[in-house]
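Numbering follows my numbering, in which position 602 of the sequence shown is assigned residue number 823; successive positions increment by one, without gaps. Heads up, the beta-carbon is just placed ideally off N, CA and C, and yes, glycines get one too. Computed from a predicted model, the values in this text were never measured in an experiment.
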Amino acid sequence: MKKRWIIVSNRLPLAKDPRSGELGPSSGGLVAAITGIRSEIETLWIGAIPPEISKEEWTSSQQNSESFEKYVPIFIKKKTYEKYYNGIANQVFWPLFHYESGLVRFRWADWAAYKRVNEMFAEKILEVANPTDLVWVHDFHLFLVADYIKRKAPHLKVGFFLHIPFPSSEIFRQLPVRNELLQALLESDLIGFHDYSYLRHFCASLQSVLGLESSLLKVETPKKTVQLGVFPVSIDTKKIQTASRSVAIRKQASAYRRKQHNDYTILGVDRLDYSKGIDLKLQAVAELLRQHPELRGKASLIQICVPTRTRVPEYEDLKMNIERQVGEINGEFSEPNYVPIQYIYGSVDFQTLVALYKMARALLITSKRDGMNLVALEYIAAQNPKRPGNVLLSEFTGAVSTLSGVLPINPWDTVQTAETLAATLKSGRHAQAGAHRTMLQFLENYTATDWANSFLGSLSTIKVYRRKLQQRVEIQTRNGKVDLPDSLKASLDRKRLLVLLDYDGTLVPIHQRPSEAVLSSNTRKVLNSVLGGTKVEIVVVSGRRRNFLTEQLKDLGVSLAAEHGAMYLKKGGSHWENLVHSDKQSWYPLARKIMLDYTLRVPASFVEEKEFALSWHFRQSPTEFADYQAKKLHEELELGLANLPVAILGGKKVIEARAIEANKGTFTRWYMDGVASKAENQLVVAIGDDQTDEDMFNSVPPGSVTVKVGKGPTGAQYCLASQSELVGFLKTLSECPSS
Ligand code: GDG
């Protein structure tokens with residue numbers, strides 16, 4: 222089956238021309254980015270049909286145009302669409318993600334519609350997708366789609382790309398549906414952003430809202446691994462260059478320049494949106510004319526404002542305010558042959574747009590927040606490389622990170638913006654050529670097609686692996702009695718059992734103070750009876766020191782592995798065998814020094830010194846500060862102890878430096894190869910509750926039984942709901958029929 226790309230966005234890229242009533246291409250960043258992709262791979266585009274277009278109009282235009290065949294329309298009732306699109310997408314996500322939380326209007330009825338529409342999108346995707354297709358979901362309208370898809374097709378690859386900023390977690394946390402949103406989004410296999418800062422904010426939100434740690438490259442959820450990445454969008458560079466070099470556009474640009482009488486034209490192209498900072502742009506231009514009277518009568522701004530979201534009240538107010546501001550500035554500075562602000566409310570055709578890019582001396586972008594900003598990229602591509610114009614670009618855009626040769630501005634500092642503008646207008650165009658060349662080369666090498674290839678290339682290499690949640694069988698307890706699943710009963714049948722058993726969180730509950738985690742008299746009694754027969758043998762494999770384990774367990778007739786298997790004591794023996802052969806002295810003193818340093822900085826943290834490991838604990842410390850210091854410590858230890866026989870590990874509120882051999886997996890393999898009986902009727906049962914036990918689960922011989930205690934991601938086959946069920950479980954195991 223051939224692999225196809227399935228692009229999914231809120232709308233298909235169509236709009237009704239208000240004059241002719243015909244269906245034609247719509248404009249906007251997302252549409253520009255996607256239509257800029259040139260690929261040999263068969264691509265479908267799924268999206269809603271805008272409510273102003275009827276089903277009949279769609280069907281008849283489909284008959285007229287071949288290009289419509291690759292579009293898969295979704296028809297949504299006007300009322301539902303209104304709530305989903307204007308109610309949630311435009312009045313909740315858009316303002317919140319652009320740091321305008323004062324404009325957020327969250328209504329639960331709208332949220333219900335948002336969910337329903339996302340579900341409808343998923344249904345349509347499931348209807349058309351083949352199992353080998355790559356599904357690429359776009360933007361904040363469709364945050365929940367991956368979840369609905371994965372419920373029915375867990376192995377279909379789904380990527381999500383966000384075209385707008387991901388805000389600081391302090392802003393994101395205000396969202397009433399923050400948990401639901403993040404959890405649904407994490408059903409995607411790959412999540413992409415324009416800019417590294419957005420990725421960082423996203424990871425901070427995962428941590429503060431869901432308590433999930435992530436490495437910036439990926440995040441492990443209880444269900445799966447989700448890859449994360451930065452994929453800045455780009456443009457169809459060639460299309461703009463070709464247009465810009467065409468005779469028609471060159472003529473049009475020259476005509477505009479002649480009309481302006483000079484080379485002092487500043488250009489602005491924005492959707493009429495509060496995030497674009499058009500008010501700040503107008504203030505900066507007024508400031509320019511105020512501070513530089515020599516530019517009056519010369520410098521002017523052509524501002525195109527493309528109408529958008531006209532049904533949302535804030536946008537109507539914005540339009541009125543911008544028009545009032547334009548009127549005031551023109552009133553103050555106009556002369557008989559000179560209008561400083563030429564304001565166009567509407568969109569212009571592609572040819573006119575490129576001619577304006579080509580003609581303008583400078584492009585001014587003053588976005589307060591902008592996911593990327595494609596206008597900046599398009600302007601650069603349209604310039605004559607020998608005489609390019611300058612781009613003044615807001616620091617609050619994603620594009621500023623990739624365009625090294627622009628003039629970055631803080632749009633809120635209108636005085637400084639005016640000064641940068643004045644200096645630009647007075648400098649020669651050739652002065653800019655070097656910086657422009659570098660940016661143009663970048664845009665020639667990294668186009669919208671490369672953007673799509675890099676995102677979908679990453680998505681296609683991901684192995685969709687879901688933790689075996691469905692296959693993981695929960696061992697039920699009814700009325701205090703453990704009910705073993707049939708599959709487990711079958712494995713146990715007439716076998717002798719070798720149980721590899723973790724201590725903290727498994728044999729005893731977790732305690733705030735480690736010294737309090739001692740065996741209860743009931744557990745002791747049950748262990749005695751379990752070990753009384755010949756059926757069960759136990760090896761306790763723990764991270765604890767040997768003295769503690771000896772004190773707690775020696776008289777019970779179990780073998781012991783201390784410090785994650787660094788040392789071993791045979792049942793009934795008195796000599797601990799040392800299994801670490803690497804040079805501890807090469808790293809231990811240095812690690813100790815570094816860790817002690819952190820105990821001074823972080824209140825209530827302390828170092829636990831073991832024979833082959835050092836642990837820095839911060840369970841009682843102020844959470845955020847200690848989490849940050851823990852990350853630093855982890856990094857410092859990794860750098861400082863690189864190439865030494867030591868492993869650095871982060872656990873639950875602990876950072877550990879351990880001899881490389883001190884690992885439950887290494888111990889398990891050593892034990893199974895050299896110590897354990899090779900009897901055929903022996904079954905290994907490994908039981909544990911945390912990450913270190915996963916190493917044990919991965920190292921037991923094929924056919925063994927693995928059991929996770931409690932919730933969380935695991936590779937184990939079975940799970941027990943909580944630690945309190947462990948003793949009953951052991952008892953039941955020992956009572957199974959034996960040979
Ligand atoms: C969102 C994010 C992100 C504009 N006026 C006309 C016209 N346009 C075209 C431009 C450009 C596009 O619309 C605008 O793209 P932006 O990127 O500047 O902004 P948004 O629409 O807000 O897009 C943004 C983008 O998604 C992509 O990820 O960069 O941050 O907000 O392509 O050329 N096109 C025509 N006439 C116009 O009058 N023909």
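Distance, Cα to Cα, residue i vs residue j?
i: residue 709; j: residue 906; result: 11 Å
i: residue 638; j: residue 398; result: 38 Å
i: residue 253; j: residue 784; result: 58 Å
i: residue 795; j: residue 757; result: 21 Å
i: residue 576; j: residue 524; result: 14 Å
i: residue 624; j: residue 601; result: 10 Å
i: residue 465; j: residue 642; result: 24 Å
i: residue 374; j: residue 347; result: 8 Å
i: residue 738; j: residue 366; result: 45 Å
i: residue 779; j: residue 759; result: 5 Å
i: residue 424; j: residue 435; result: 6 Å
i: residue 245; j: residue 595; result: 21 Å
i: residue 378; j: residue 608; result: 46 Å
i: residue 802; j: residue 882; result: 8 Å
i: residue 898; j: residue 755; result: 14 Å
i: residue 411; j: residue 673; result: 13 Å
i: residue 859; j: residue 418; result: 25 Å
i: residue 590; j: residue 422; result: 14 Å
i: residue 855; j: residue 805; result: 19 Å
i: residue 225; j: residue 876; result: 45 Å
i: residue 344; j: residue 281; result: 25 Å
i: residue 432; j: residue 438; result: 17 Å
i: residue 408; j: residue 650; result: 50 Å
Given that a residue counts as buried once 16 or more other Cβ atoms are within 10 Å of its Cβ, and exposed if not, what is residue i?
i: residue 468; result: exposed
i: residue 219; result: With the chain running from 222 to 960 in the structure shown, residue 219 is simply not present.
i: residue 690; result: For residue 690, the predicted structure reports a pLDDT of 48, less than 50, and the residue's modelled location is therefore unreliable. The matter cannot be settled from this model.
i: residue 846; result: exposed
i: residue 797; result: buried
i: residue 582; result: buried
i: residue 275; result: exposed
i: residue 349; result: exposed
i: residue 504; result: buried
i: residue 743; result: exposed
i: residue 631; result: exposed
i: residue 915; result: buried
i: residue 580; result: buried
i: residue 270; result: buried
i: residue 222; result: exposed
i: residue 331; result: buried
i: residue 231; result: buried
Run the proximity test for residue i: is its beta-carbon closer than 7 Å to any non-hydrogen atom belonging to the ligand GDG?
i: residue 535; result: no
i: residue 432; result: no
i: residue 562; result: no
i: residue 839; result: no
i: residue 310; result: no
i: residue 380; result: no
i: residue 599; result: yes
i: residue 660; result: no
i: residue 296; result: no
i: residue 568; result: yes
i: residue 886; result: no
i: residue 492; result: yes
i: residue 501; result: no
i: residue 924; result: no
i: residue 450; result: no
i: residue 436; result: no
Run the proximity test for residue i: is its beta-carbon closer than 7 Å to any non-hydrogen atom belonging to the ligand GTP?
i: residue 527; result: What this structure holds is the ligand GDG, not the ligand GTP.
- Can you list the beta strand (DSSP E) stretches of 3 or more residues lying completely in the segment 896-924, in chain order? 903-909
Query raised in the report: Whole alpha helix (DSSP H) runs in the segment 481-513 with 4 or more residues, listed along the chain?
Result: 499-512
For a minimum of 4 consecutive residues, which ranges assigned as the alpha helix (DSSP H) are wholly contained in the segment 787-829? 809-822
Requested in this report: Taking only runs that begin and end inside the segment 397-434, name each unbroken beta strand (DSSP E) of 3 or more residues, in chain order.
Outcome: Here the runs fully enclosed are 411-414.
Contained beta strand (DSSP E) runs [length at least 3] in the segment 683-770, N- to C-terminal order:
List check, beta strand (DSSP E) in window: 694-699, 702-704, 717-722, 757-762.
*Within the segment 590-615, note down every full beta strand (DSSP E) run reaching 3 residues or more, in order along the chain.*
Correct list: 611-615.
Which parts of the segment 504-561 are runs of the beta strand (DSSP E), unbroken and 3 residues or longer, counting only runs that do not cross its ends?
521-527
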